[in-house]
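> Residue numbers for the sequence shown, in UniProt numbering: 1 to 598.
Submitted below is the structure of interest, expressed as structure tokens.
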Amino acid sequence: MKSTLLSRRDLDFLLYEWLRVDELTKRERFAEHSRETFDGVLDLCEQLATRYFAPHNKKSDANEPSFDGETVTVIGEVKEAWDAFAQADLIGMAMGQALGGAQLPTAVAEAGFAWFSAANVSTTGYLMLTMANANLLAKFGTDEQVDAFVKPMLAGRFSGTMALSETQAGSSLADILTRAEPQDDGTYRLFGSKMWISGAEHEMTDNIVNLVLAKIPGGPEGTKGISLFIVPKFLVNADGAIGERNDVVLAGLNHKMGQRGITNTVLNFGEGKFSPAGKPGAVGYLVGEPHRGLVYMFTMMNEARLGVGMGAVSLGYTGYLKSLEYARERPQGRPVMAKDPSAPQIPIIEHADVRRMLLAQKAYVEGGMALLLYCGKLVDLAHSAESDEERDSLGLLLDILTPVGKSWPSQWCLEANNLAIQVHGGYGYTREYDVEQHYRDNRLNPIHEGTHGIQSLDLLGRKVTQRGGASLAALGAAVAETIAAANAAGGQPAELAAQLESAWQRLVGVTTAMFGSGDVEAALANSVAYLEAFGHIVVAWIWLEQLLAVNGRSGDFYDGKRQAAQYFFRYELPKTAPQLDLLESLDRTTLEMRDPWF
């Protein structure tokens, strides 16, 4: 029976027939792996996700974590799933062997992890944060910090979080108030409060490793004065044993529309409930150098942003497969041209508008999955690059795709969930079917790890212009290479290539005109429209890449890819034209609107 979590056939196509990740084994970093080990990991992930994660998805939604003032209670199945994942040595599957990781390609690890997000995004959230936390500390932490915190996280004994936002400072991190006071022994004592911190209190692991942004008194103003600290729930003794309780206290839980199974917390640091070593404040350990915390944290944030994008894809994907299954089984109505009311009803998939909704979902989720796996391969190529020049070039491309990889799936795979509900009709709006929960769970993804607005400013205000437009040029070169290959192939690929080339050149021209105008305020005012147009053009490129990979091949799977690519170019890519017109006009409607006029 085919899974309704993800399509293994599609993952195999994307990884092996398109991205050819098995060729990564020719590089030294991945030389100990093979197609067989990659397939084994994907098989294992599907099995564990199906057995331990999917069954309690609805239960954890209906029975969200509770707090009695002292202890947080999470349903037992979450702990069972955590243990199954950890015991399979999957927490470090993409990390280096020197740390005890499996050193798998990121693209393979992301494909494997997508099974868990599709099965139960809330429980998977504890794991995603822990893996990103461990990756940051492995890169910037000291050997002692790695031994004390990273290795226990990879073993599943500790979990990890990221604590950035505060009640008065969500995305505006320059305004955080949490302070870190230096101590004579080289540690710090932290005082303050953090808001919206996922996974920061539970009883599932021996310890929780909080990565906390704070300011050292006397440091520079704004973001240049932010430092990064490890603030564990429990201190860790020199021998690795759990020590005394740190002064990190749960003030309360936030109750959310979706993703209810993962704790979302308000944390207080240094409120005095606990006093390690008899002194006030929560003990923190500086990561790297003072005042460089935001630089370090962006390593975790960018990984988390792509993780959010993959989570959005996974939720959209499972909703698509479930609505597809429903459409094939649900009889309703008769063909439009049928004249006999006594004729048997037909499955709703036979109705053109239902096929339209299914085709849109397919275009969104398969396009989004391809985009995120492509980003994963860029990480792999950078990790195994043979020269600094190669690594730099790959970094430029990943930089400009990261805000797209986070935001495009968060918008359009959420729309896939919306369409999945519509395919189900009235049943889709009930809790009997999964699709209403998938929509609620996915609705968080356009918000956390940087809203659409934040991502659009990052794309248009930073990534497009950085280093004299080097990232945009790198992406343009990749797009041009695909267009040339499509033109050489002829037929449908060449037809779609002409559309893509026109859209790309228009995008570049509009971008140049926007910044050439000198009216940066007007240019940035419509940055979300820019992100949407940019994202659609990028995904059109990704669909053309997939079309080239199926060129000359026959069968239902490949025909479905061709039809989805055609849908995206005929129904979706044309949406960018009026957006680009608006952007080029430097429209000031939103800028000129005034508060009293609302």
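From the three backbone atoms N, C-alpha and C, an ideal C-beta is built for every residue, glycine too.
Model, not experiment: these values are computed from the prediction.
(1) Could you tell me whether the Cβ atoms of V287 and L228 are closer together than 8 Å?
(2) Can you tell me which of G367, N133 and D559 puts its alpha carbon nearest to the alpha carbon of G92?
(3) What three-state label does DSSP hand R157 in the structure shown?
(4) Considering only C-alpha positions, which residue in the set N57, C45 and L164 is nearest to V108?
(5) Could you tell me the distance, in whole angstroms, from the CA atom of T299 to the CA atom of P344?
(6) Which complete beta strand (DSSP E) runs does the segment 487 to 539 hold, if anything under 3 residues is left out?
(7) I'd like to confirm the pairing. Which residues does DSSP put opposite V231 in its beta bridges?
(8) Look at the alpha carbon of F149 and the alpha carbon of M1, and state the distance between them as a whole number of angstroms.
(9) Can you list, in chain order, the residues of its chain whose CB lies under 6 Å from that of F140, leaving out five sequence neighbours each side?
(10) Where does I421 sit, in a helix, a strand or coil, going by DSSP?
(11) Alpha carbon to alpha carbon, how far is T576 from L582? Give it in angstroms, no decimals.
(12) If you run the structure through DSSP and keep just helix, strand and coil, what is R179?
(13) Quick check on DSSP: helix, strand or coil for K215?
(14) Entirely within the segment 6 to 43 and at least 4 residues each: give me those alpha helix (DSSP H) ranges in chain order.
(15) Apply the 10 Å Cβ neighbour rule to R570 and answer buried if 16 or more other Cβ atoms are within range, or exposed otherwise.
(16) Pull up the CB-CB distance for G270 and A282, whole angstroms please, since I reckon it's below 8 Å.
(17) Reducing DSSP to helix, strand and coil, say where I75 ends up.
(18) Going by beta carbon distance, what residues of the same chain come within less than 7 Å of R334, once the five residues before and after it are set aside?
(19) Would you mind giving the Cβ-Cβ distance between T161 and S198, rounded to the nearest angstrom? I have them listed as a contact below 8 Å.
(20) For L190, which three-state DSSP category applies?
(21) Which term fits Q47, buried or exposed, when burial requires 16 or more other beta carbons within 10 angstroms of its beta carbon?
(22) Could you tell me how far apart the beta carbons of A503 and I483 are, in whole angstroms, since I believe they sit closer than 8 Å?
(23) How far does the beta strand (DSSP E) with residue 612 in it extend, from its first residue to its last?
(24) If we call anything under 8 Å between Cβ atoms a contact, is A522 one with R588?
In terms of the structure at hand:
(1) Position 287 of the sequence shown, counting from 1, holds the residue named residue 287. Position 228 of the sequence shown, counting from 1, holds the residue named residue 228. A contact, by the Cβ cut-off of 8 Å.
(2) Looking up residue 92 in the sequence shown gives position 92. Minimum Cα distance to G92 is reached at N133.
(3) Taking the first residue of the sequence shown as 1, we reach residue 157 at position 157. Reduced to three states, the DSSP call for R157 is coil.
(4) Translated into positions along the sequence shown, residue 108 becomes position 108. Out of N57, C45 and L164, C45 has the C-alpha closest to the C-alpha of V108.
(5) Locating residue 299 in the sequence shown gives position 299, counting from the first residue. Locating residue 344 in the sequence shown gives position 344, counting from the first residue. Roughly 58 Å separates the two Cα atoms.
(6) Qualifying beta strand (DSSP E) stretches: none in this window.
(7) The sequence position of residue 231 within the sequence shown is 231, counting from 1. The partner list for V231 (beta bridge, DSSP) reads N210.
(8) Residue mapping note: residue 149 aligns to position 149 of the sequence shown, counting from 1. Residue mapping note: residue 1 aligns to position 1 of the sequence shown, counting from 1. Each residue's Cα considered, the two are about 41 Å apart.
(9) As a working note, residue 140 is residue 140 in the sequence shown. The answer, listed in chain order, is V287, G288 and Y296.
(10) Position 421 of the sequence shown, counting from 1, holds the residue named residue 421. DSSP places I421 in helix when its eight states are reduced to three.
(11) Residue 582 sits at position 582 when you count from the first residue of the sequence shown. Residue 576 sits at position 576 when you count from the first residue of the sequence shown. Across the structure, L582 and T576 are spaced so that their CA atoms are roughly 10 Å apart.
(12) Indexing the sequence shown from 1 puts residue 179 at position 179. Three-state DSSP puts R179 in a strand.
(13) Within the sequence shown, residue 215 is the residue found at index 215, counting from 1. The three-state reading of DSSP puts K215 in strand, counting E and B together.
(14) List check, alpha helix (DSSP H) in window: 8 to 12.
(15) Within the sequence shown, numbered from 1, the residue matching residue 570 stands at position 570. It is exposed - the Cβ of R570 has fewer than 16 other Cβ atoms within 10 Å.
(16) Position 270 of the sequence shown, counted from the first residue, corresponds to residue 270. Position 282 of the sequence shown, counted from the first residue, corresponds to residue 282. Contact holds; Cβ gap of about 5 Å.
(17) Working through the sequence shown from its first residue, we reach residue 75 at position 75. The DSSP-derived three-state label of I75 is coil.
(18) The sequence position of residue 334 within the sequence shown is 334, counting from 1. For R334, the CB contacts under 7 Å within the same chain, skipping 5 residues up- and downstream, are A343, Q345 and I346 in chain order.
(19) For the purposes of this step, residue 161 is identified with residue 161 of the sequence shown, where counting begins at 1. For the purposes of this step, residue 198 is identified with residue 198 of the sequence shown, where counting begins at 1. T161 to S198, Cβ: 7 Å. Contact.
(20) Residue 190 sits at position 190 when you count from the first residue of the sequence shown. Residue state for L190 is assigned as strand, using DSSP reduced to three classes.
(21) Translated into positions along the sequence shown, residue 47 becomes position 47. That one is exposed.
(22) As a working note, residue 503 is residue 503 in the sequence shown. As a working note, residue 483 is residue 483 in the sequence shown. Not quite, the Cβ-Cβ distance comes to about 11 Å (not below 8 Å), so this is no contact.
(23) As displayed, the chain neither begins before 1 nor continues past 598, which places residue 612 out of reach and without an answer.
(24) Here residue 522 corresponds to residue number 522 of the sequence shown, with the count starting at 1. Here residue 588 corresponds to residue number 588 of the sequence shown, with the count starting at 1. The answer is yes: Cβ separation under 8 Å.
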